[in-house]
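Numbering (UniProt numbering), first residue to last: 1 to 148.
So the structure is just underneath, and the comments pick up after that.
Written as structure tokens, this is what we have:
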């Protein structure tokens, strides 16, 4: 989006019209990098969050976004977006952010084969786009799919 010669970021959450979603509350930040929505699907509370993390201070941004989400959320929680950093479940990888720090799990089944970002500098694919769920969520996932 271009507003008056300045570049702006923005995030969105799309819910299919056939999903019986009842919106309860929306929260967003001024910069357009975070959007949280809370509602019900089939009378069960669910919270969706989407972020577009900046290139600088990425870890701190994600930790702050997760803290805000925890204060806002009710029911099962889905946290998705462009995190601009690789997440890992393995210990000792300092350049990556550990999933346990977020108390979430990655919903994508084939984590090893899903490069979403190519770095020409390092000549490698990595994943910086995620769909996460809080570990205490009671969601039954039918399918997770990444299209290229």
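Glycine is no exception: its CB is placed at the ideal position from the N, C-alpha and C atoms.
Computed from a predicted structure; not experimentally measured.
Quickly, what does DSSP pair residue i with across the bridge? List them, please.
{"i": "residue 28", "result": "35"}
{"i": "residue 13", "result": "DSSP, once it has assigned bridges, lists no residue as partnering residue 13."}
{"i": "residue 87", "result": "97"}
{"i": "residue 47", "result": "38, 77"}
{"i": "residue 134", "result": "104"}
When the distance is taken between beta carbons, is residue j closer than 8 Å to residue i?
{"i": "residue 100", "j": "residue 134", "result": "no"}
{"i": "residue 26", "j": "residue 15", "result": "no"}
{"i": "residue 41", "j": "residue 58", "result": "no"}
{"i": "residue 77", "j": "residue 47", "result": "yes"}
{"i": "residue 105", "j": "residue 132", "result": "yes"}
{"i": "residue 45", "j": "residue 74", "result": "yes"}
{"i": "residue 62", "j": "residue 83", "result": "yes"}
{"i": "residue 35", "j": "residue 53", "result": "no"}
Evaluate residue i with the Cβ neighbour count: other Cβ atoms within 10 Å of its Cβ, from every protein chain shown; 16 or more gives buried, anything less gives exposed.
{"i": "residue 50", "result": "buried"}
{"i": "residue 24", "result": "exposed"}
{"i": "residue 66", "result": "buried"}
{"i": "residue 108", "result": "buried"}
{"i": "residue 158", "result": "Coverage of the chain is limited to positions 1 through 148, which leaves residue 158 absent and any answer about it impossible."}
{"i": "residue 10", "result": "exposed"}
Which residue comes first and which comes last in the alpha helix (DSSP H) that contains residue i?
{"i": "residue 72", "result": "58 to 72"}
{"i": "residue 99", "result": "99 to 102"}
Identify the continuous beta strand (DSSP E) that holds residue i and give its terminal residues.
{"i": "residue 76", "result": "76 to 82"}
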